[in-house]
Each structure stands twice: as structure tokens, then as C-alpha cells.
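Mapped onto full-length UniProt numbering, the consecutive letters of the sequence shown carry residue numbers 1 to 563.
Even glycine gets a Cβ: it sits at the ideal position worked out from N, Cα and C.
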Amino acid sequence: MVIAGRDFNDEVIARIRATVRSGVDLTRGALARVVCGWFDWRHADGRPKETSCRIVLNKLERRGLIELPAAREVSFLARRPRPAEPMQWPQIEAGLSKLGRIELVVVNGDKALSRQWRAMMQAHHPLGDGPLCGAQLRYLIRSEQGILGGLSFSAAAWRLGVRDEWIGWSEGTRAARLALIVGNSRFLIVPSVQVKNLASHVLGLASRQLAGDWQRHYGYKPVLIESFVDSSRYPGACYRAANWTDLGMTQGRGRQDRARQGQVGRKQVFVYPLQRNWRKLLTAPPELARLMPSVRAKPPLDWAEEEFGRCRLSERLTQRLMSMARDFWARPMANLPEACGSATKMQAAYRFLANDDVLFETLLQPHYAATEQRISELGEGSVVLVPQDTTSVNYTQLSIEGLGPIGTTADGAQGLHLHSSLAMTVQGVPLGFVDAQCWARDPQTFGKKAQRHALAIEQKESYRWLKSYQAVAAVQSAIHSSLWSVWAIGKRTSMSCLPKRRSSRRDRSYSFVLSTIAKCKTNRRACSRRSRGSRSPAIKSSNCLGRRIVQRARPNWRSALPR
């Protein structure tokens, strides 16, 4: 089963049980840190996601799958808030220019500044000093006249209708990208400071400083800020003056309103983007953690369950996916209504394909794991070939949104591009795909070849070849074999040779690489593209041996290919 984006299969659950019963005096926190290490489950700054893991472990215990160590006694009695220390705040009534330089001072980590911030919030803010939820940063607003106020940023609201609709989030994307939004949970200018335009000026300072400070503390940059304003008390004019966007009103629920009673007052929602491409970053498909092959307690019922049974979807959607796979396998040349065989199954299939959580990468992840499992089961000395190529799919005759040019002109043939890496044995037996990428070219940027040198390698279409190579390298590393060589032939064909052998690296000779390529019956015509000025370099192996072999092979590489 997949929980919180991690696959807690039978093997992992058995491993957790064995760890608990090992006799080592483990606390629940220590067990969570151990499990985080198994999955490499970490925050952007490298810290293990202990809290998320403990939530998952508690769910597994409630389902009766594991038994956790006994919980230590903890007092849940509300702590009495420490009384605020009496402090003197400056008395100012002047223009903004009279204050001099205004700065935001980070409170986190400084006890003296933290006491000042808490005393100020307890004395003057309607919500007090906290507690704040999740990751957080607190600031004091300071000038030459003294402390003028304070503000804080913490975790964003888990669900917010007007915000999620404005961004265009699906359920899965929201869960994956929510950490990129931070909430302005406190904002206060002390009542004794009456300075026109000070609040909007401070919001401008915060919008420029927050991203850098957040990255230093938590290892990543947020892309959007949200804030809630009680319109019955405040008009929110400072947010509008600072160019924040007013999204509308909340539903009046709250963070703990699980009964949907809406007992909290409705508030105005304001947001401010911190990066220009904020929408692209927030709506990008979630980067799924790689599924690892595992031994199942029960063998799969058929090939559909073997390939898609571990899909990171809900149980209902996963069952629908396997049913559709069986239908298409039975009638591979039929269209969708004919393959489904009934109107009910056809409607369910269309609803499945229209679901926002059904993504290309999500459907392929379990297949990648099954492919890796088949590779690992090959015998000693076996060789796995992974050729990769790009194919264009022509949909010109269909009126479909989201297509792009696939020819030489922007208004010509329209369709999609598919770049795939297929693992196979030397005899040509397919083992499955190691990587597949599908995309549509942007018509607006089509034909701007002269600007390619100004782009980073990750923004170029050719980077998909490197990404496929990285996927092959990840599989090679997982099955504990040596990736001996990677061969790039021309502009459209490349090949990775994965010998499953545990002998010395130097035992792989130059002649073995050429003989392996010859066995693959590579078309000499495709290889000759390199003579027409192709600048596609040979992809280098991480152990440098592949690079040495490729460099030696270049002078006479055509003579070894079949004629």
C-alpha cells in the first residue's frame, strides 16, 4: 500500500516488525528515523521527515499491520503561558521617511529577540503569540527609533477553496506542492507607532527577504505567500497597497473543523507570488519517489496486477487501472468503447482518464519497478541493453488541446513527442521500460533555435537523453552491477549496456562493447548520421571506464558494425 507517497509493501512491514521485536529499546521517534533512512525520506535541508513517518506508523498500527513500541508518558495539559515582560514601545507619529532605515530581523534562534516578539504579540495581537504551525520564521520590524512591530510566516492552510481553485490544483498536486506556500500568520505594527504607509512598506520588505531566509533555514524557496484578514476588524488596505491579490472569502471553517460546522468567522484571503513562474512551479506534476522492487507475500494474480498493482493511486482508481489494462490487452486494436465492452465500463474509463491525479508518470512508476525486478532476476553474466529513442505521434486530424508542432513548421503537423528507454536482453526479449517521457513543444518558442545557447541544459529538449541515462544509471546502481559503457550513435539512437557481472571492471574490453552493439543489429544508416555533423556527444559513465572505451572506439567504430 502507498501512504504519504511511500510504498509500505509486505517486505517493508515485515522489516518494521522485525526491528520492533529485535530487543533493542527503540522509542517511536527512533523507529521513525530508522524508517526514514530506509526510504531516504528527508526534508530539503536533509533532516529526516520524522513527524510524517510517525503519522504513517500510527496509521499502520491502527490497521493492525504492525505493533509499535510502548508510548512514553507525556503530559498533554495546556501549559500556562509565560507572562509577558513589561516593555516600552516607541511613541512615533511621523512620515515614513522620518524613520530612517527599516529592517526585518530574524527572531528564530535568538532567545532575547524571541522574548520581545512574544511579549509584543501577547500584548497587542488578537491571536496572541501562537502556537504557529509547521515550519516558521518570525521577524521583528526594527528602525533607528526602536522596535516598530513584528510578523511571522508559517505553514499554509491544508485546504483552501478559493486558493486551490485559483492555482488550478488537483488533489495529488496540492499535497505534493503545498510546502511551497507559506502563510503570513502574524502581522502587527504596535499601536503607539502611527506612520502612514509603514505596513505596506514592511510587506514589500518581507516579500523580497522571505525566500532567501526560508531557504537558509529549510533548504528550499517558497513561491507564494497567503494571508487571512478579518474584514470585520481590518480593511486589508496595506495588502492591497503592497500589490497582494484578493481571492475572496474563506468558508469560515478553520484548521480543526473536521465536522464542517463553520464556527470560525470568515476571512479575506490575500496572496502574493514570490517568483514569476509561480503557477508553473505549483502545478508541476509531483516528483514521485522511485518505487523499489520487492518480494510480495502473495504472487500477483496476473500481469496487470504485476505491472500496475503498486500504482500510487487510491485503491478504487488502481482497480480501475488494472481492469482497463486487461480490457485493452484482450482487444489491443479496438478503441476505448469497443475494448471496454459496456457503457458502464466505458464511462468509468473516461472518468479515470479525466481524473486530475491520473498522470503519465504515476501510471508508469509501478511498471518501472516491475522492469527493474525482471532485470535483477536475470542470471549471472547476462547483458541488458537499453536503447533510447524519440518518437513523434501525429494527432493532426484530431481536435485535441495541448498538442504541439512535430514537424519543421509551427503550424504544420501537430502531436506529441515520446522519448522512451526499453530494456531488453541481447536476444531481443523485452523486459520493460526503464524511462519514458512525453511532451508537446510550445508553438510560441518554436523556431527560436538561435536562443538555445542562452538556455540551461535542463531547459533544452536534448536534456531528456541525459534524464533517460540517469534513470538507467539508477537501475544499474540498484541491482549492484557495473555500468560498463554508454554508447551514443548519431543524433537519434543511444544505447546503454548493463552487464550483470561481478568481475573486475578492467575485464570489460573494447572488443566486448563492439560485439554487443553488433549483436543488437544496429542500422548502419542510423549510425552514419554522426558523419553529417551531429554534435551529440557520447554520454559518459560515472566510473570513467565507459569514457575511456568510447574514446578508443571513435576512430574505427563504423568498421565493427554489420554491413
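Contact set for residue i: own chain, Cβ-Cβ below 6 Å, skip 5 residues either direction
i	result
R279	none
S185	L132, S152, S154
E307	H367, A370
F39	R6
L359	P285
H419	T390, Q437, R464
Delimiting residues of the beta strand (DSSP E) encompassing residue i
i	result
M424	414–425
Q319	Unbroken run through Q319 is the alpha helix (DSSP H), 315–330; no beta strand (DSSP E).
Y272	268–273
T390	383–394
F228	224–229
Same chain, Cβ closer than 8 Å to residue i, neighbours up to 5 away in sequence not counted
i	result
R101	S143, E144
N394	I406, A413, Q414, G415
E338	R331
E171	D356, D357
H217	D45, N108, A135, L137
F352	L317, R320, L321, M324, V358
S232	G265
Exposed unless 16 or more other CB atoms sit within 10 angstroms - verdict on residue i
i	result
M333	exposed
H453	exposed
G341	exposed
N9	buried
R6	buried
I16	buried
A18	exposed
L466	exposed
Q427	exposed
V24	exposed
R47	exposed
G402	exposed
A354	exposed
W303	exposed
S421	buried
Q347	exposed
Three-way DSSP call (helix, strand, coil) for residue i in this model
i	result
S185	strand
D357	coil
N58	helix
R547	For R547, the predicted model reports a pLDDT of 28, less than 50, meaning its position is unreliable; a value from the coordinates is still stated below. Of the three classes helix, strand and coil, the one that applies to R547 here is helix, per DSSP.
L364	helix
W439	strand
S342	coil
G404	strand
F433	strand
Q194	strand
D7	strand
T94	For clarity, residue 94 is Ala in the given sequence; the question names Thr instead. Strand.
P48	strand
R240	helix
R233	coil
G248	strand
S482	Note that S482 scores 35 on pLDDT, short of 50, meaning its location in the model is unreliable; the coordinates nonetheless yield the value given after this. DSSP places S482 in coil when its eight states are reduced to three.
R42	strand
G379	coil
Span of the alpha helix (DSSP H), counted from its first residue to its last, around residue i
i	result
R174	171–177
V202	198–218
M120	111–124
A138	Contrary to the premise, residue 138 reads as Arg rather than Ala in this sequence. First-last for R138: 137–143, but that is the beta strand (DSSP E), not the alpha helix (DSSP H).
A304	303–308
L148	Run containing L148: none in the alpha helix (DSSP H); it sits in the beta strand (DSSP E), 146–155.
E103	Where E103 is concerned, there is no enclosing alpha helix (DSSP H), although the beta strand (DSSP E) it sits in stretches over 103–106.
E280	Note that residue 280 corresponds to Lys in the displayed sequence, not to Glu. Start and end: 278–283.
E67	Here E67 belongs to no alpha helix (DSSP H), and DSSP marks it neither H nor E.
K165	It should be noted that the sequence gives Glu, not Lys, for residue 165. Looking at the DSSP string, the run of the alpha helix (DSSP H) that includes E165 is 161–167.
Distance cut-off 6 Å: residue i Cβ against heavy atoms of the ligand SAM
i	result
V35	Although the ligand SAM was asked about, the structure shown includes no ligands whatsoever.
Proximal residues to residue i (C-beta, below 7 Å), its chain only, five neighbours per side dropped
i	result
P191	H124
L65	I13
L113	V105, V107, L140
*Contact between the stretch 429–441 and the stretch 389–404: three or more CB pairs below 8 Å?*
yes
*asked:* Quick check: the stretch 180–191 against the stretch 355–373, are at least 3 beta-carbon pairs closer than 8 Å?
replied: no
*Mind the definition here: the stretch 56–63 touches the stretch 92–110 only if three or more C-beta pairs lie below 8 Å; say whether that holds.*
no
_With three or more beta-carbon pairs closer than 8 Å as the criterion, would you say the stretch 223–233 touches the stretch 269–278?_
yes
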